[in-house]
Amino acid sequence: MHSEATPFDSVEDALAAIAAGRMVIVADDEDRENEGDLIMAASKATPEAVNMMIRYGSGIVCVPMLGHQLDRLGLGPMVARNREVQRTDFSVTVDAAEGVSTGVSAYDRAVAIKILADPQARADQLVQPGHVFPLRARPGGVLERAGHTEAAVDLAMLAGLEPAGVICELVNDDGTMKRLPQLVEFARQFGLKMISIEQLIAYRLKQDKLVEKIGEHALATAYGDFTAHVFRSRLDKRHYLALTMGAPAT
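Per our numbering, the very first residue in the sequence shown carries number 874; after that it's consecutive.
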């Protein structure tokens, strides 16, 4: 629950809301997009939730996912050369192949979203182009790219759900983007939890194990006998070497 000192709730509260199938608001940095998105887990999407996103948002409903999920469904990039300002990685748009009408309604989009989130879904269950916008999230999440795309996947995954989200930017009645004061009021009006991407980054830095040890070898040198420890970053897959001599002090 946010206080007068901060307009934001805790990441733990946001994760509980995501796990329960509710939407949260995620705000990014003022010197980036300076926007807030409605975000929920794709596996929990309902026509009612999608309708709320369309009604109060930009109308562009996106589904951030990991690369292997998109590859399994045969969904490649929307364009060969991405020139979008924030380099958001749009994939080709989709609709559900069956059980829908034109694909544009909140009901139809919810059907497509649930297919995208289903780990057992097949490529032939979707048609392209469509009215739902899959996005390819960076594998390192918000620690690799501080965007709403990665925040949605991180929130779903941290909530114990399939790593796919649904996002839509919030707009004012005059068509402009909601900024922080309007986001705070919207969260209060609808009883939604609100966090920032900065909070999510801090949470992951505290909770995640970012490196793993993959090897250890004896190394004799002219300066003495060392032990070489090899580590690999889970973010960029780079390798790092540490040399030690003797037992560490306790």
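Glycine included, each C-beta is placed from N, C-alpha and C at the ideal position.
Are the Cβ atoms of ASP902 and ALA1019 separated by less than 8 Å?
-> By one-based count along the sequence shown, residue 902 stands at place 29. By one-based count along the sequence shown, residue 1019 stands at place 146. Taking 8 Å as the Cβ cut-off, ASP902 and ALA1019 qualify as a contacting pair.
Determine the burial state of LYS1051: buried for a count of at least 16 other Cβ atoms within 10 Å of its Cβ, exposed for fewer.
-> Position 178 of the sequence shown, counted from the start, is the residue given in the question as residue 1051. The residue is buried, with at least 16 neighbouring Cβ atoms inside 10 Å.
Pick from ARG1077, SER1106, LEU1116 and ASP1109 that is closest to THR1094, judged by C-alpha positions = Taking the first residue of the sequence shown as position 1, residue 1094 is located at position 221. Ranking the options by Cα distance to THR1094, first place goes to LEU1116.
First and last residue of the alpha helix (DSSP H) that includes VAL923?
-> Working through the sequence shown from its first residue, we reach residue 923 at position 50. That run of the alpha helix (DSSP H) goes 920-929.
CB-CB under 6 Å to ALA996, same chain, minus the five flanking residues each way: which ones, in chain order?
-> Sequence index remark: in the sequence shown, residue 996 carries index 123 (1-based). Excluding sequence neighbours, ALA996 sits near LEU946 and GLY947.
What's the C-alpha gap between LEU1078 and GLY894?
-> Sequence index remark: in the sequence shown, residue 1078 carries index 205 (1-based). Sequence index remark: in the sequence shown, residue 894 carries index 21 (1-based). Using only the alpha carbons, I get a separation of about 25 Å.
May I ask you to list the residues that DSSP assigns as paired with LYS1066?
-> To locate residue 1066, count along the sequence shown from 1; it is residue 193. Partner(s): VAL897.
Can you tell me the Cα-Cα spacing of LYS1086 and GLY1038, whole angstroms?
-> The residue you call residue 1086 lines up with position 213 of the sequence shown. The residue you call residue 1038 lines up with position 165 of the sequence shown. C-alpha separation (whole angstroms): 31 Å.
With a cut-off of 8 Å on the beta carbons, I'd call VAL900 and LEU1053 a contact; round off their distance for me.
-> Locating residue 900 in the sequence shown gives position 27, counting from the first residue. Locating residue 1053 in the sequence shown gives position 180, counting from the first residue. First, the amino acid is wrong: residue 900 is Ala here, not Val. Going by Cβ atoms, the distance from ALA900 to LEU1053 rounds to 6 Å, so yes, they are a contact pair.
Return the bridge partner residues of HIS1090 from the DSSP annotation.
-> Counting from one through the sequence shown, the residue named residue 1090 turns up at place 217. According to DSSP, which records beta bridges pairwise, HIS1090 is partnered with ALA1101.
Quick one: residues in its chain with C-beta nearer than 7 Å to the C-beta of SER964, no 5 flanking neighbours on either side, listed in chain order?
-> Translated into positions along the sequence shown, residue 964 becomes position 91. Correct list, in chain order: LEU943, LEU948, GLY949, PRO950, MET951, PRO1007, LEU1008 and ARG1009.
Which residue comes first and which comes last in the beta strand (DSSP E) that contains GLY1003?
-> By one-based count along the sequence shown, residue 1003 stands at place 130. 999-1009 is the extent of the beta strand (DSSP E) around GLY1003.
CB-CB under 7 Å to PHE881, same chain, minus the five flanking residues each way: which ones, in chain order?
-> Mapped onto the sequence shown, residue 881 falls at position 8. Result list for PHE881: HIS875, MET1067, ILE1068, SER1069 and GLN1072, in chain order.
What's the call for SER974, buried or exposed, on a 16-neighbour Cβ count within 10 Å?
-> Taking the first residue of the sequence shown as position 1, residue 974 is located at position 101. SER974 should be labelled exposed.
Say whether chain B places a C-beta atom closer than 8 Å to the C-beta of LEU1083.
-> Judged by its chain identifiers, the structure shown contains no chain B, having just a single protein chain.
Classification of MET938 by the beta-carbon crowding that lies within 10 angstroms, buried from 16 upward | Mapped onto the sequence shown, residue 938 falls at position 65. Answer is buried; the Cβ neighbour count reaches 16.
Could you round the C-beta distance between THR966 and GLN1001 to whole angstroms and report it? I think they count as a contact, below 8 Å.
-> As a first step, residue 966 must be located in the sequence shown, where it is residue number 93. As a first step, residue 1001 must be located in the sequence shown, where it is residue number 128. Indeed, because the Cβ distance is near 6 Å, the residues count as touching under 8 Å.
Would you kindly work out how many angstroms separate the C-alpha atoms of VAL923 and ALA990, rounded to a whole number?
-> Residue numbering aside, residue 923 sits at position 50 when the sequence shown is read from its first letter. Residue numbering aside, residue 990 sits at position 117 when the sequence shown is read from its first letter. In a straight line, the C-alpha of VAL923 is about 14 Å away from that of ALA990.
Closest to ARG879 by CA distance: which of LEU1056, LYS1082 and VAL934 is it?
-> Walking along the sequence shown from the start, residue 879 turns up at place 6. Before going further, note that residue 879 is Thr rather than Arg in the sequence given. Of the candidates LEU1056, LYS1082 and VAL934, the one whose C-alpha sits nearest the C-alpha of THR879 is LEU1056.
Proximity winner among TYR929, VAL1015, LEU1028 and TYR980, relative to VAL1005 (alpha-carbon distances) | Here residue 1005 refers to the residue found at position 132 of the sequence shown. The residue with the shortest Cα to Cα distance from VAL1005 is TYR980.
Using a threshold of 8 Å, state whether the C-beta atoms of HIS1021 and ASP886 are closer than that.
-> Looking up residue 1021 in the sequence shown gives position 148. Looking up residue 886 in the sequence shown gives position 13. Cβ atoms of HIS1021 and ASP886: not closer than 8 Å.
Looking only at C-alpha atoms, which of ALA1075, GLY1097, LEU1092 and ASP1098 sits nearest to SER1180?
-> As shown, the chain starts at 874 and ends at 1123. That puts residue 1180 outside it, with no answer to give.
Are ALA1137 and ALA918 touching if we call contact CB-CB under 8 Å?
-> No answer is possible for residue 1137: it lies beyond the span of the chain, which begins at 874 and ends at 1123.
Verify whether the separation of the beta carbon atoms of SER1124 and LEU1034 is less than 8 Å.
-> The question about residue 1124 has no answer here: the residues shown for the chain are numbered 874 through 1123.
What did DSSP end up calling PHE1059 once you bin it into helix, strand or coil?
-> Along the sequence shown, one-based indexing puts residue 1059 at 186. Helix.
Local Cβ density within 10 Å of ARG1011, reported as buried at 16 or more and exposed below that | Position 138 of the sequence shown, counting from 1, holds the residue named residue 1011. Answer is buried; the Cβ neighbour count reaches 16.
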